[in-house]
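Counting in full-length UniProt numbering, the sequence shown runs from 1 upward without gaps.
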Amino acid sequence: MLNLAVILRESATVRPDAPALMSDRGIVTYAELDARSDAVAAGLAGRGAGPGTAIALQLPNIPEFPIAYYGILKTGATVVPLNVLLRAPEVAYQLADSGARALITWSGSVAEAAKGAAEAGLGDLYLVGADDHAARPFDELTTPVTGQFPLCDREPGDTAAIVYTSGTTGVPKGAELTHFQLYMNADIPGRLFEVRPDDVVLTALPLFHVFGMSSAMNVALRFGAAMSLVPRFSAERVLAAIERDHATVFDGVPTMFIALLAAAGTSDHDTSSLRVCVSGGDAIPAHVLDAFERQFGVPILEGYGMTETAATITFNSSAQDRRVYSVGRPVWGVEVQVWDADGRRLPPGRAHIGELVTRGYHTMHGYRGHAAATADAFRGGWFHTGDLGYQDTDGFLYIVDRQKDLIIRGGYNVYPREVEEVLYRHPDVAEAAVVGIPDERLGQEVKAFVVPRPGCFPTARQIIAYTRERLAAYKCPRLVEFRDTLPLTAAGKVVKKALV
Numbered sequence: 001m002l003n004l005a006v007i008l009r010e011s012a013t014v015r016p017d018a019p020a021l022m023s024d025r026g027i028v029t030y031a032e033l034d035a036r037s038d039a040v041a042a043g044l045a046g047r048g049a050g051p052g053t054a055i056a057l058q059l060p061n062i063p064e065f066p067i068a069y070y071g072i073l074k075t076g077a078t079v080v081p082l083n084v085l086l087r088a089p090e091v092a093y094q095l096a097d098s099g100a101r102a103l104i105t106w107s108g109s110v111a112e113a114a115k116g117a118a119e120a121g122l123g124d125l126y127l128v129g130a131d132d133h134a135a136r137p138f139d140e141l142t143t144p145v146t147g148q149f150p151l152c153d154r155e156p157g158d159t160a161a162i163v164y165t166s167g168t169t170g171v172p173k174g175a176e177l178t179h180f181q182l183y184m185n186a187d188i189p190g191r192l193f194e195v196r197p198d199d200v201v202l203t204a205l206p207l208f209h210v211f212g213m214s215s216a217m218n219v220a221l222r223f224g225a226a227m228s229l230v231p232r233f234s235a236e237r238v239l240a241a242i243e244r245d246h247a248t249v250f251d252g253v254p255t256m257f258i259a260l261l262a263a264a265g266t267s268d269h270d271t272s273s274l275r276v277c278v279s280g281g282d283a284i285p286a287h288v289l290d291a292f293e294r295q296f297g298v299p300i301l302e303g304y305g306m307t308e309t310a311a312t313i314t315f316n317s318s319a320q321d322r323r324v325y326s327v328g329r330p331v332w333g334v335e336v337q338v339w340d341a342d343g344r345r346l347p348p349g350r351a352h353i354g355e356l357v358t359r360g361y362h363t364m365h366g367y368r369g370h371a372a373a374t375a376d377a378f379r380g381g382w383f384h385t386g387d388l389g390y391q392d393t394d395g396f397l398y399i400v401d402r403q404k405d406l407i408i409r410g411g412y413n414v415y416p417r418e419v420e421e422v423l424y425r426h427p428d429v430a431e432a433a434v435v436g437i438p439d440e441r442l443g444q445e446v447k448a449f450v451v452p453r454p455g456c457f458p459t460a461r462q463i464i465a466y467t468r469e470r471l472a473a474y475k476c477p478r479l480v481e482f483r484d485t486l487p488l489t490a491a492g493k494v495v496k497k498a499l500v
C-alpha cells in the first residue's frame, strides 16, 4: 500500500517545527501543514470524497495549494490540478473529462471557474480568498480533526493525480499519474540532486504544472525542505523572495532565467544564499546558461521530462558530474533510447538525431478516457516523447527540438532551436522564437520572432545578416517580426502555435 501523502506525514513526524512553507503571509511549519491538510481531508471525506472520486484544484502558489493537495490525497481521492488562467469552456472540459466532483479555486479565477463548473454540471465550488456568491468559502471545507487523519490505503498503481497536457497537438489529455510514479519522481531525483532538510526551494513554477508539482513541491516535502512560494513569477518578486527566505535552490524554465539575468544588473537583492539552480521545461540557450552562472555564481543543472513522466526522465545530477548543454543522463530505473522513423535504435552521435523514447517507473498509467492515444504513445512498448535528440557515447542526452516544431524547408530539416541559439547571441536580442510558416514553393519558410533588448532597435536585415554569418543558408530566417513580448504558457514556455 502507498499513499503519496506519506511524504508530508513522515516529514511532519520527523521535523514538526521546521518550516514547510514560506510566503509573504508568513511561515507554515510541517506540523501545521499536516494538521491543516488533515482538516481538508476530513471535510472532503465528510462530503463523500475517497477512492474513485476526483477533486479539481485551481490555485496559484499559495499555502492553500499544498494544504488542499495533500488533503485530497489523504482521502484516497485523485487530485486534478487546473491552470489558473483557463477560460470557462476549458474549465468545463477538464472538469467533465476528469469526472471531478468538486473544484477548489481562488478569487482570481472564480468568474471563469464558476461558469465552467456550471457548464460541466458541477455544483461543489469552493473559494480561497474574497467572498463571492458564486462559491462557498474554502474554510467551510475544513473539519477539525482530533489526532491525525488516517491516510487512505492506495495501491501503488492507483491514480494520484490527473494532470492535463497543454493540448498543443490536439485537445488536452489528462495524464494519469500514480502514487508510485509520483513518489519515485520525488525520491530518486531528490537523492540525485542531494536535496537537504535545510534547503529552501524557491517555488515560482506554478504548482498546477507537473514541473512545479513534482520537481519542486513533492521533492521538497519528501526531504523535509522548505518551499518559498511566489504566487506569480516576476524577476523582482523572485529576487526579493530569495533574499527574504535565504533560498538555496531555484527551479525554473529558460524564460525565467532570461528575465532574472536581465534584472540582475539593476537589482541590489542579496542572492548569495543560492547554491544551485535547475532548468527544465525547455532547452535553455547556451549563452543564457553561461551568463547566468557567471552573474549569480551558481551552477544550472539541466533536466528533461514531461507531464506524462511526472517531470523527470534525465538529469545532470551535480555540478561535478554534468555535461554542460545536455539534459543529463537517464535517472535510476529509467531507460531512454533514440529511434529513427522506422523504430530502429540509432547509435550515439550528433549525426544520429531521432525521437527519444523511454520506459520505466516514471511513465503515466495512461491518458484518461483516451485509449487510442495511450496505445499510440506507448507503441512498441516504449513511451514516445515526440522530442528529437541524440545521445553521446557517455549516455548524456541532447534535445534538438520537438518533432512538431521541425521545419522542412525545400526538403532540408531546420531545427528551430539551433536558429534560436544563434539569435540569442545577438547583442540586441532579448528573446527569440523560430517557426515554420507555409510557403507555396518550399513547403515551409523560416520565420523569426524577436523581442529586442531595452533601448535596442535592430532591423530585420541586420538580424538575417547575423544568422547568415553563422548558419547554412537554408537554416536562416527569411522573415523577421519584432514583438514587445512572446506568448507564454503559465509555466513560462513559448507558445509557438500562437505565432504560426
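The beta carbon of each residue, even a glycine, is placed where N, CA and C say it ideally should be. The model shown is predicted, which means the values in this text are computed figures rather than measured ones.
Could you tell me the alpha carbon to alpha carbon distance between phenylalanine 180 and glycine 333, rounded to whole angstroms?
Walking along the sequence shown from the start, residue 180 turns up at place 180. Walking along the sequence shown from the start, residue 333 turns up at place 333. Each residue's alpha carbon lies about 13 Å from the other.
Starting from asparagine 185, follow the alpha helix (DSSP H) in both directions and report where the run begins and ends.
Within the sequence shown, numbered from 1, the residue matching residue 185 stands at position 185. First-last of the alpha helix (DSSP H) with asparagine 185: 179-193.
Consult DSSP for threonine 467 and reduce its assignment to one of helix, strand or coil.
Stepping through the sequence shown from its first residue, residue 467 is reached at position 467. The answer is helix: DSSP assigns threonine 467 an H, G or I state.
Excluding the 5 residues flanking leucine 301 on each side, which residues of the same chain have their C-beta closer than 8 Å to its C-beta?
Residue numbering aside, residue 301 sits at position 301 when the sequence shown is read from its first letter. Around leucine 301: Phe193, Val276, Cys277, Val278, Ser279, Phe315, Asn316, Ser317, Ser318, Ala319, Arg322 and Gly328.
Looking at the strands, I want to know which residues DSSP matches up with phenylalanine 292.
Counting from 1 along the sequence shown, the entry for residue 292 is found at position 292. Phenylalanine 292 is not bridged to any residue.
To the nearest angstrom, how far is the alpha carbon of alanine 161 from that of histidine 426?
Translated into the one-based positions of the sequence shown, residue 161 becomes position 161. Translated into the one-based positions of the sequence shown, residue 426 becomes position 426. Straight-line Cα distance between these residues: approximately 42 Å.
Okay, do the stretch 281-296 and the stretch 251-259 touch, 3+ Cβ pairs below 8 Å being the bar?
Counting Cβ pairs under 8 Å, three or more are found: they touch.
Measure from the alpha carbon of alanine 351 to the alpha carbon of each residue in Ala114, Asp392 and Ala460, then state which is nearest.
Position 351 of the sequence shown, counted from the first residue, corresponds to residue 351. Ranking the options by Cα distance to alanine 351, first place goes to Asp392.
Out of Gly108, Gly147 and Asp34, which has the shortest C-alpha to C-alpha gap to asparagine 61?
Position 61 of the sequence shown, counted from the start, is the residue given in the question as residue 61. Taking only the C-alpha atoms, the option nearest asparagine 61 is Gly108.
Can you say whether histidine 209 is buried or exposed, counting buried as having 16 or more other CB atoms within 10 angstroms of its CB?
As a first step, residue 209 must be located in the sequence shown, where it is residue number 209. So histidine 209 counts as buried.
Taking DSSP as the reference, what is the three-state secondary structure of tyrosine 412?
Looking up residue 412 in the sequence shown gives position 412. Correct three-state label for tyrosine 412: strand.
State yes or no: is the C-beta of isoleucine 242 within less than 8 Å of the C-beta of serine 215?
On the sequence shown, position 242 is the one that residue 242 refers to. On the sequence shown, position 215 is the one that residue 215 refers to. Their beta carbons are not under 8 Å apart, which means isoleucine 242 does not touch serine 215 by this criterion.
Express the C-alpha separation of alanine 433 and glycine 443 in angstroms, rounding to a whole number.
Residue mapping note: residue 443 aligns to position 443 of the sequence shown, counting from 1. Residue mapping note: residue 433 aligns to position 433 of the sequence shown, counting from 1. If I take the Cα positions, the gap works out to 20 Å.
Are serine 11 and glycine 147 touching if we call contact CB-CB under 8 Å?
For the purposes of this step, residue 11 is taken as the residue at position 11 of the sequence shown. For the purposes of this step, residue 147 is taken as the residue at position 147 of the sequence shown. Contact: no.
Reducing DSSP to helix, strand and coil, say where threonine 165 ends up.
As a position in the sequence shown, residue 165 is number 165, starting the count at 1. Of the three classes helix, strand and coil, the one that applies to threonine 165 here is coil, per DSSP.
Does leucine 95 come out as helix, strand or coil in the three-state DSSP assignment?
Residue numbering aside, residue 95 sits at position 95 when the sequence shown is read from its first letter. Here leucine 95 sits in helix by DSSP.
Could you please give me the residues that DSSP links to leucine 488 through a beta bridge?
In the sequence shown, residue 488 corresponds to position 488, counting from 1. DSSP, once it has assigned bridges, lists Val494 as partnering leucine 488.
Report the option in Ile188, Asp187, Arg191 and Asp158 whose CA atom is closest to the CA atom of alanine 175.
Here residue 175 corresponds to residue number 175 of the sequence shown, with the count starting at 1. For alanine 175, the nearest C-alpha among the options comes from Asp158.
When the distance is taken between beta carbons, is arginine 468 closer than 8 Å to cysteine 476?
Along the sequence shown, read from residue 1 onward, the residue named residue 476 stands at position 476. Along the sequence shown, read from residue 1 onward, the residue named residue 468 stands at position 468. Cβ distance < 8 Å, so cysteine 476 and arginine 468 count as in contact.
Considering only the beta carbon of each residue, do valine 500 and isoleucine 437 sit closer than 8 Å?
Taking the first residue of the sequence shown as position 1, residue 500 is located at position 500. Taking the first residue of the sequence shown as position 1, residue 437 is located at position 437. Cβ distance < 8 Å, so valine 500 and isoleucine 437 count as in contact.
Output needed for glutamine 403: all residues of its chain with C-beta closer than 8 Å, excluding positions within five of it in sequence on either side, in chain order.
Counting from 1 along the sequence shown, the entry for residue 403 is found at position 403. Excluding residues within five positions, the ones whose Cβ falls inside 8 Å are Glu355, Gly386, Asp387 and Leu388.
Taking only runs of the beta strand (DSSP E) that begin and end inside the stretch 280-352, which ones reach a length of at least 3 residues, in chain order?
Taking only runs of at least 3 residues, the beta strand (DSSP E) segments lying wholly in the stretch 280-352 are 300-304 and 334-339.
Check isoleucine 251 in the structure and name its three-state DSSP category.
Here residue 251 is taken as the residue at index 251 of the sequence shown, counted from 1. First, the residue type needs correcting, since residue 251 is aspartate and not isoleucine in the sequence shown. Note: aspartate 251 maps to strand in three-state DSSP.
Whole beta strand (DSSP E) runs in the stretch 78-141 with 3 or more residues, listed along the chain?
List check, beta strand (DSSP E) in window: 78-81, 100-106 and 125-128.
Measure from the alpha carbon of alanine 102 to the alpha carbon of each residue in Ala235, Pro66, Arg87 and Ala45, then state which is nearest.
As a working mapping, residue 102 is identified with position 102 in the sequence shown. When each option's Cα is compared against that of alanine 102, the closest is Ala45.
Are isoleucine 7 and asparagine 218 closer than 8 Å when you measure CB to CB?
Along the sequence shown, one-based indexing puts residue 7 at 7. Along the sequence shown, one-based indexing puts residue 218 at 218. Yes. Within cutoff.
With DSSP as the reference, identify every bridge partner of lysine 447, one or two as the case may be.
Start at 1 with the first residue of the sequence shown, and residue 447 comes out as number 447. Val435 and Leu479.
Count the other C-beta atoms from every protein chain shown that fall within 10 angstroms of the C-beta of tyrosine 412, then say buried if there are 16 or more, exposed otherwise.
One-based indexing of the sequence shown puts residue 412 at position 412. Exposed.
Please name the residue in Gly123, Asp187, Ala41 and Asp124 whose C-alpha comes closest to that of alanine 310.
For the purposes of this step, residue 310 is taken as residue 310 along the sequence shown, with counting starting at 1. Out of Gly123, Asp187, Ala41 and Asp124, Asp187 has the C-alpha closest to the C-alpha of alanine 310.
So is histidine 209 in contact with chain C if we call contact Cβ pairs under 8 Å?
No chain C appears in this structure, which consists of one protein chain only.
If I follow the unbroken alpha helix (DSSP H) through glycine 71, where does it start and stop?
Against the sequence shown, residue 71 aligns to sequence position 71. Segment 64-74, the alpha helix (DSSP H) holding glycine 71.
Along the chain, where does the beta strand (DSSP E) that runs through valine 201 open and close?
Locating residue 201 in the sequence shown gives position 201, counting from the first residue. Residues 200-203.
Alanine 262 by DSSP, collapsed to three states: which one?
Within the sequence shown, the letter at position 262 stands for residue 262. Residue state, collapsed to three classes: helix.
Using the C-alpha atoms, what's the distance from isoleucine 353 back to arginine 344?
Position 344 of the sequence shown holds residue 344. Position 353 of the sequence shown holds residue 353. So the alpha carbons of these two residues sit roughly 12 Å apart.
Could you give the C-beta distance for proline 63 and arginine 15, rounded to a whole number, given that I count them as a contact under 8 Å?
Walking along the sequence shown from the start, residue 63 turns up at place 63. Walking along the sequence shown from the start, residue 15 turns up at place 15. That belief does not hold up - the Cβ atoms of proline 63 and arginine 15 are roughly 17 Å apart, past 8 Å.
Determine the extent of the beta strand (DSSP E) in which valine 500 is found, giving its start and end residues.
As a position in the sequence shown, residue 500 is number 500, starting the count at 1. Segment: none, valine 500 is in no beta strand (DSSP E) and carries neither H nor E.
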